[in-house]
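Protein chains in written order, with this note's numbering: chain A, -19 to 313; chain B, -19 to 313.
Here it is as structure tokens:
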């Protein structure tokens, strides 16, 4: 049998391009040993944070190695099993290689139930995306009913869930995104109170002040850069800034400069904290339960952009940086 | 009787100058009513944060009004009292006007005991300075024995106390200051493990890395700007950055830019929080007790720069921004 694999050929400078990736096709040995599983990839998650792992820099997870397969969140079907925890026909979710087929020892894999939610949801609202939104907002944002929440990258996979949870918890929710179509989606599909299109707004600082007449208590930051600078002018005393991502600067080849945040933080006794969902694994069960309950109660909508074909994984990843996705970007194999 | 007063004549642009201040001398009515005290100023504290109150901008305390007396921490002697809580001859500490004499209703004034410590200490290590050092380090820095602490503005009133508390608590302590003389002081008088002179160090990022071979767990930031940027490169996972001041940018007339902190915070799950001592009033008694105990046990040294004469208050304040002080800057009247 033939297996296709996508390797990191070289490290991107700036925005990644197709030339950073290499496809190889090889005959695979599908013999599994005791404890192992043969998996066929069904869905692949592409996420902005993977860009960080393509650099050599020290980060919270080690960089991808050159000429080795890239890994991300994957849903796979069990084709053969010598592991007592998994049966042929099961679907599993986990961090797996960008390969059409692969052998795993089952470590870190979770069985997922396709009768409860579409399989792709386990890469999104019921996976790392939903957990990131929920735990980032709850653990660092510490929301209190009546407060004002601003979300950047609001139409993205994480942002759209953050805003909806904000509404469930009784906050005023303002989303920032880059097209009028996305702003419409925030208001109609996701129930945000209002949205700001940063591409058509001349003075973001003033626009945020108008959208948040009582000031900003929580900022869920997916983007960094000038948008976050504009939010700083509007934060309230004791504001909490959840730094979840900085997509606007991931591709910078020089270290980016922004407004000095320190004077704003001192003046407002405000807190800014980097959030990585993997630091909160002990809270996953509680968070999954809450998210599932809200989905069952039809309180959480989610968007997916599903692209077809293993060969389109790198392109789907690159498209993230041009904002081509609505919600979670997923490749179906 | 004649009273001298210093008014804010106009708002400084950049570094304050003598022309921002006005001295007036007037005949004072020294009649006190029931509940009031007549006070004679003994010591006046000048502090970098006062610069912020000279701007019109919204801040955690309201701006000084033009043509009104400036206020700061003051030690005064009770000359007359119709308030049952105070007796003639008592010394009190509180936020009072830059006046040689004034009448108070006693609100916010604390009696201080000149037999336990020199009066000036109540403006420093046993006053807001010591409380800021202790509570900022403990409440936000959450120090654990064996960790590494970097302090900027380390030879200053707050910084020198922060570093000593760090040593008492078993941390490795690195101080950053601007002259070799100050660095010597850090190591000899205040027991810091090492110091870095930012004026003679070409690459601060590398110098901090060398001084902190295990990385930086806590950064107590009094300065902001490029020094703080250099620290960011060396923070550890779960680092805590206590933002206590930003003296390097207080005088900027344009909003300062720095390295974008967000990617560093995300990568290290790090926390950055603005600290204002007045948010922690409920912790003052516990903190005062701890500081007094350490002083009694001879574990805390402190430096003072004492300038003489009411007429020298503005100059002493301006000198802060040129680093002319060693430790707490105080004017004796």
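Backbone N, C-alpha and C fix where the C-beta goes; we use that ideal spot for every residue, glycine too.
- Put simply, the CB of residue 250 of chain B is near chain A, with a gap under 7 Å to one of its CB atoms.
- Counting only residues of its own chain and dropping the five nearest sequence neighbours on each side, residue 149 of chain B has a CB closer than 7 Å to the CB of 123, 125.
- In this structure, residue 175 of chain B sits near residue 167 of chain B, with a CB-CB distance shorter than 7 Å.
- Taking 3 residues as the minimum length, the beta strand (DSSP E) runs contained wholly in the region 108 to 143 of chain B are 128 to 132, in order along the chain.
- Inter-segment contact for the region 211 to 224 of chain B and the region 249 to 262 of chain B is present: three or more beta-carbon pairs are separated by less than 8 Å.
- Among the CB atoms of chain A, none fall inside 7 Å of the CB of residue 129 of chain B.
- The residues 58, 59, 60, 61, in chain order, have a CB closer than 8 Å to that of residue 68 of chain A in the same chain once the five nearest residues on each side in sequence are set aside.
- Taking C-alpha positions only, residue 216 of chain B is separated from residue -16 of chain B by approximately 52 Å.
- For residue 81 of chain B, the enclosing beta strand (DSSP E) stretches over residues 81 to 84.
- Residue 133 of chain B has its alpha-carbon roughly 50 Å from the corresponding atom of residue 24 of chain A.
- The DSSP-derived three-state label of residue 28 of chain B is coil.
- The closest CA to that of residue 190 of chain A, considering only A:259, A:93, A:153, A:0, is found on A:153.
- Across the set B:114, B:113, B:151, the C-alpha of B:151 shows the shortest separation from the C-alpha of residue 128 of chain B.
- Sequence-distant Cβ neighbours of residue -8 of chain B in its own chain, meaning closer than 6 Å and more than five residues away, are 0, 34.
- Burial is judged here by how many other beta carbons sit within 10 angstroms of a residue's own beta carbon; residue 88 of chain A has fewer than 16 and is exposed.
- For the beta strand (DSSP E) assignment, the uninterrupted runs of no fewer than 3 residues enclosed by the region 37 to 82 of chain A are, from N- to C-terminal side, 51 to 61, 71 to 77.
- Annotated three-state conformation of residue 287 of chain A is strand, per DSSP.
- With 16 or more other Cβ atoms from the protein chains shown falling within 10 Å of its own Cβ, residue 21 of chain B counts as buried.
- Going by beta carbons, residue 284 of chain B and residue 310 of chain B fall inside the 7 Å limit.
- At least one beta carbon of chain A lies nearer than 7 Å to the beta carbon of residue 235 of chain B.
- Nearest neighbour of residue 293 of chain B by Cα position, chosen from B:16, B:49, B:14, turns out to be B:49.
- For residue 245 of chain A, a Cβ of chain B is located within less than 7 Å of the residue's own Cβ.
- Listed along chain A are 240, 242, 243, 246, each with a C-beta nearer than 8 Å to that of residue 226 of chain B.
- A:303 is the residue among A:52, A:239, A:303 whose C-alpha sits nearest the C-alpha of residue -5 of chain A.
- Residue contact with chain A for residue 204 of chain B: present (Cβ-Cβ distance below 7 Å to some residue of chain A).
- Leaving aside the five residues that flank residue 4 of chain A on each side, the residues in its chain whose CB is nearer than 6 Å to its CB run, in chain order, -15.
- When C-beta atoms of the region 201 to 209 of chain B are compared with those of the region 94 to 103 of chain B, fewer than three pairs fall below 8 Å, so the two segments do not count as touching.
- Using a CB distance cut-off of 7 Å, residue 313 of chain B does not count as an interface residue toward chain A.
- Following the DSSP letters along the chain, one finds residue 246 of chain B in no beta strand (DSSP E) but inside the alpha helix (DSSP H) bounded by residues 242 to 248.
- Of all alpha-carbon atoms in A:226, A:-11, A:237, the one lying nearest the alpha-carbon of residue 46 of chain A is that of A:-11.
- Residue burial is scored here from C-beta neighbours: residue 90 of chain B has fewer than 16 other C-beta atoms within 10 angstroms and is therefore classed as exposed.
- In terms of Cβ geometry, residue 144 of chain B and residue 280 of chain B form a close pair [threshold 7 Å].
- At least one CB atom of chain B sits nearer than 7 Å to the CB of residue 256 of chain A.
- For residue -7 of chain A, the secondary structure class from DSSP, reduced to helix, strand or coil, is coil.
- A Cβ-Cβ contact shorter than 7 Å links residue 267 of chain A with residue 111 of chain A.
- Nearest Cα to residue 218 of chain A within the set A:14, A:287, A:197: A:197.
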